[in-house]
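Notes for the one structure printed next.
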Amino acid sequence: QQQQQQSALAAAQHKRVYQACIPCRRRKVRCDLGSVDNPHDPPCVRCRRESKECYFSATRRKRKTDDG
């Protein structure tokens, strides 16, 4: 039971709050919206610096499950 609590705590500590914007995701670079605890609104640092439109996907892609 202690191991379950530790793994649950570790999962809670590594939870992602936001995903990268589409331009950063396409370039496979880090999307910086500030700290995870206190993110700021778009545009991200890179899009602001490069004067690009900072937008996010409305839908989330599902992970493929391995049933084999």
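Going left to right, the sequence shown walks through residues 1 to 68 as full-length UniProt numbering numbers them.
Cβ atoms here follow ideal geometry from the backbone N, Cα and C, with glycine treated the same way.
These figures come from a predicted structure and were not determined experimentally.
Coarse secondary structure for residue i, derived from DSSP in three states
i	result
Pro43	coil
Neighbour-count burial assignment, residue i, 16 or more Cβ in a 10 Å radius
i	result
Ala58	exposed
Cβ shell of residue i (< 6 Å), same chain only, five flanking positions each side left out
i	result
Cys31	Ala20, Cys21, Cys24, Cys44
Lys28	none
Own chain, CB closer than 8 Å to residue i, minus 5 neighbours either side, in chain order
i	result
Pro42	Cys21, Leu33, Cys54, Tyr55, Phe56
Ser51	none
Asp66	none
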